[in-house]
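This report refers to the structure that appears directly beneath it.
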Amino acid sequence: MRQTSAAWRMLLMAGLALGLAALATADESAPGVTDYSATDAGVIEAGDIVEALAVPRGTRIRPNARPTVRLPVYFEFNSADLREDAVQLLEKVTVALASDELSTFRFSVEGHTDSVGSDDYNADLSNRRANTVQRFLEDRGIDTARLTAIGRGESSPVAPNDDADGRQRNRRVELINLGATP
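Sequential numbering from 622 applies to the sequence shown in our numbering.
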């Protein structure tokens, strides 16, 4: 009987580990990137964001390996208006950025789009969306000096743009740890 319950515990633990691993993926081509772009925003917690972006105090962050988290921050179609699921996720981002582990760091808020529309239009849209996220965080108490908004347009896809799922993953916001505040 004990062997059976021990075997079940091992199976349960293995299943839990696989489930958590499926929640986020590391981007092998980009060191330090935690990719939640294909994850349901409701299951991402502030602690997950802290873990993805934190570095030990005194650690020098190399420009080519900055801790980055890709988040499924969704907007209304063809606008920079946040959807309700995005508001809930950004509330968690606010908690993460205010945490002891991240409160001394600066961050780039980078908006991305899919490839539908012109390059110029997508560059403008991604910039407006990054600014919306930055204002959201600032309105909830994150110091303006800690945030920079940048629109990247369609220039850095993380998935093919030839189906709805890929385009959805490409419409994302990334938070990048730029290092300690001056």
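Every residue, glycine too, gets a C-beta built ideally from N, C-alpha and C.
Fair warning: this is a prediction, and the values are worked out from it, not measured in the lab.
query                                                                                                                                                    : result
Consult DSSP for V754 and reduce its assignment to one of helix, strand or coil.                                                                         : helix
Go through the region 708 to 780 residue by residue and report every complete run of the beta strand (DSSP E) that reaches 3 residues or more, in order. : 726 to 732 and 768 to 772
For R704, does the three-state DSSP call read helix, strand or coil?                                                                                     : coil
Run through DSSP, which three-state label would I797 get?                                                                                                : strand
Between F728 and I797, how many whole angstroms is the CB-CB distance? I'm expecting something under 8 Å.                                                : 6 Å
Is it true that the region 706 to 713 meets the region 734 to 752, where meeting means three or more beta-carbon pairs spaced less than 8 Å apart?       : no
Could you check whether L692 and Y657 sit closer than 8 Å to each other, using their CB atoms as the reference points?                                   : yes
Among F698, V716 and I763, which has the Cα closest to the Cα of T734?                                                                                   : F698
For D783, name the three-state secondary structure that DSSP assigns.                                                                                    : coil
What are the start and end residues of the alpha helix (DSSP H) that includes V690?                                                                      : No alpha helix (DSSP H) holds V690; the beta strand (DSSP E) holding it covers T689 to L692.
What does the alpha-carbon distance come out to for the pair A801 and F726?                                                                              : 4 Å
Can you list the alpha helix (DSSP H) stretches of 4 or more residues lying completely in the region 649 to 687, in chain order?                         : 667 to 674
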